[in-house]
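First residue of the sequence shown? That's 1443 in this note's numbering, and the numbers climb one at a time after it.
Think of the CB as a built atom: it goes at the ideal place given N, C-alpha and C, for glycine as much as any other residue.
Remember, predicted model here, so these are calculated numbers, not experimental data.
Accompanying notes for the structure given below.
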Amino acid sequence: MSKQSFINWWNWEKTGKYIKSLSGRLGFEESSELHFLGFKINIDNGEVYDEISKRYLKNEEKVDIYYILYMYSQTTQDIGEMKEYTTFTELFKSIKDLALYHCPEFRSVYKRFEDIFEKNPDMLHKAAIVFKHEILDYGDLSIKVYALPRIPIVFTIWKGDDELPPSSSIMFDKTASYYLPDCEALVRLTKITIERLITVIET
């Protein structure tokens, strides 16, 4: 699907009633607004306010949010976290061809994280504290950021030493593919999460 077709398809008219159904479900509070990653979504009219940049999003900027929330809204049973973590590819190994198709895009998303944060773990910590998060005991710094109420993403950094260069990883709770069975939606959610972390440090 082309970018313009994606924008035209995933609009509020098509997704709004499903997004509204998230109020009081899947970790969202019962309210006329949904809050995640510093976004505030008015479920009556689809307006999205960026609480970090202090502005309303343009229509083309809202599309990924609508798409992700629509996919998330299709979850019928709230099974909660396993608190066991795995890679993007492992999550979708049962649909290997689709995972491989989206892996190049996921790698580019990962590289964005790597380029900004791998050598600056303190900056990652500073950015993550703005969002719902937990510190985990992996690597030199491991932070679990709740991209959606039931979908945490674990960012881990190893600082390296004289023998090994810095390295990093991005992992997901093993239930992530249950809440977002469409692997493209998880790629886009990861991308948004990383961009939100970057927005915090640039604001």
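Exercise for the section: Measure from the alpha carbon of Ile1640 to the alpha carbon of each residue in Ile1507, Val1629, Asn1484 and Gly1480, then state which is nearest. Expected result: What you label residue 1640 is simply residue 198 of the sequence shown in a count that begins at 1. Closest option to Ile1640, Cα to Cα, is Gly1480.
Exercise for the section: Provide the residue span of the beta strand (DSSP E) that contains Val1490, from first to last. Expected result: Reading the sequence shown from its first residue, position 48 is the one you call residue 1490. In the DSSP annotation of this structure, the continuous segment of the beta strand (DSSP E) that includes Val1490 starts and ends at Val1490 to Asp1492.
Exercise for the section: Provide the residue(s) that pair with Pro1594 in DSSP beta bridges, ordered along the chain. Expected result: Here residue 1594 refers to the residue found at position 152 of the sequence shown. Tyr1588.
Practice task
Ignore the nearest five residues each way along the sequence and tell me which others in Asp1506's own chain have a CB closer than 7 Å to its CB.
Solution key: Locating residue 1506 in the sequence shown gives position 64, where the first residue counts as 1. The answer, listed in chain order, is Arg1630 and Ile1634.
Practice task
Could you check what DSSP says for Trp1454 in three-state terms: helix, strand or coil?
Solution key: As a working mapping, residue 1454 is identified with position 12 in the sequence shown. Correct three-state label for Trp1454: helix.
Problem - Assigned exposure category for Trp1451 - 16 Cβ within 10 Å defines buried - result: One-based indexing of the sequence shown puts residue 1451 at position 9. Burial is judged here by how many other beta carbons sit within 10 angstroms of a residue's own beta carbon; Trp1451 has fewer than 16 and is exposed.
Problem - Beta carbon of Asp1520 nearer than 8 Å to that of Leu1468 - result: Here residue 1520 corresponds to residue number 78 of the sequence shown, with the count starting at 1. Here residue 1468 corresponds to residue number 26 of the sequence shown, with the count starting at 1. The Cβ atoms of Asp1520 and Leu1468 lie closer than 8 Å to each other.
Problem - Nearest neighbour of Met1565, chosen from Asp1579, Lys1601 and Leu1533 [CA to CA] - result: Counting from 1 along the sequence shown, the entry for residue 1565 is found at position 123. Of all alpha-carbon atoms in Asp1579, Lys1601 and Leu1533, the one lying nearest the alpha-carbon of Met1565 is that of Lys1601.
Problem - Rounded C-alpha distance that separates Ile1558 from Asp1603 - result: Along the sequence shown, one-based indexing puts residue 1558 at 116. Along the sequence shown, one-based indexing puts residue 1603 at 161. The alpha-carbon of Ile1558 is positioned some 19 Å away from that of Asp1603.
Problem - Distance CB(Phe1597)-CB(Thr1528) smaller than 8 Å - result: Here residue 1597 corresponds to residue number 155 of the sequence shown, with the count starting at 1. Here residue 1528 corresponds to residue number 86 of the sequence shown, with the count starting at 1. Against a cut-off of 8 Å, the Cβ pair of Thr1528 and Phe1597 comes out as no contact.
Problem - Assigned exposure category for Ile1585 - 16 Cβ within 10 Å defines buried - result: Along the sequence shown, read from residue 1 onward, the residue named residue 1585 stands at position 143. Result: buried.
Practice task
Within 10 angstroms of the Cβ of Met1513, are there 16 or more other Cβ atoms? Answer buried if so, exposed if not.
Solution key: On the sequence shown, residue 1513 is found 71 positions in, with the first residue counted as 1. Counting the other Cβ atoms within 10 Å of the Cβ of Met1513 gives 16 or more, which makes it buried.
Practice task
Could you pull the start and end residues of the beta strand (DSSP E) that Phe1478 belongs to?
Solution key: Position 36 of the sequence shown, counting from 1, holds the residue named residue 1478. For Phe1478, the enclosing beta strand (DSSP E) covers residues Glu1475 to Phe1478.
Exercise for the section: Just mark Tyr1498 as buried or exposed, buried being the case when its beta carbon has 16 or more other beta carbons within 10 Å. Expected result: The sequence position of residue 1498 within the sequence shown is 56, counting from 1. The C-beta of Tyr1498 has fewer than 16 other C-beta atoms within 10 Å across all chains shown, which makes the residue exposed.
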